[in-house]
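The number in this note's numbering is simply the position in the sequence shown, starting from 1, with 843 added. What follows is a short report on a single structure.
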Amino acid sequence: MALLPILEFPDARLRTVAKPVEQVDDRVRAIIDDMFETMYDAPGIGLAATQVNVHEQIIVIDISENHDEPLVFINPRIDVLDETLFDYEEGCLSVPGFYEEVTRPRHVRVTALNRDGEEFVLEPEGLLAVCIQHEIDHLKGKLFVDYVSNIKRQRIRKKLEKQHKERA
Ligand code: QAP
Ligand code: CO
């Protein structure tokens, strides 16, 4: 197991579109284990492979308080079940220190493969639905800051760029 470095906005690699996983094997399970270790260490509630510079359709999520409800989504597909919208103040491990309200569908259906390569279906509402949509966006090269105003996004970009220069 290993902690993986997390790419931070505005890193261009976060804009990469992830490819489907062709075979759920031990190589993929090793990536998943490292992603959980990295997410729990942060700590975070969701992480997409894109954020650790792996451009394959893999997501890990755990919104439980005790970090004991790990969820894995490989090659996820999403359908909106209900047009009702839901506002949530989102954050992101790739945009550390910044939180903004984002509006998304409240109730979705997700079809994905688990870590054994078996298909499963989930119909989450509320926070889990938000989190899955946020992570699927990562696999498409999209970030939550893309939903906020240009002025807010620029301000976040400038502050993070300054931190990255100070760190270098
Ligand atoms: C995505 O985000 C999410 O800024 C997961 O300094 C967030 O785990 C989906 C984090 C909210 C739905 C609602 C962020 C940790 C973690 C930070 C995260 C930070 C440290 C974010
Ligand atoms: Co994120």
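Think of the CB as a built atom: it goes at the ideal place given N, C-alpha and C, for glycine as much as any other residue. Predicted model, so just to flag it, every value in this text is computed and none were measured.
- In the structure shown, the three-state DSSP call for Ala891 is strand.
- For the pair Asp922 and Gly887, the Cα-to-Cα distance works out to about 25 Å.
- Residue state for Lys862 is assigned as strand, using DSSP reduced to three classes.
- A direct Cα-to-Cα measurement between Asn896 and Glu851 gives close to 10 Å.
- By the neighbour-count criterion, in which a residue is buried when 16 or more other Cβ atoms sit within 10 angstroms of its Cβ, Ser937 is buried.
- Exclusion of Ile875 from the 7 Å shell around the ligand QAP follows from its C-beta lying no nearer than that to any non-hydrogen atom of the ligand.
- Rounded to the nearest whole angstrom, the C-alpha separation of Gln1006 and Val945 is 25 Å.
- Leu1003 has its alpha-carbon roughly 11 Å from the corresponding atom of Arg1010.
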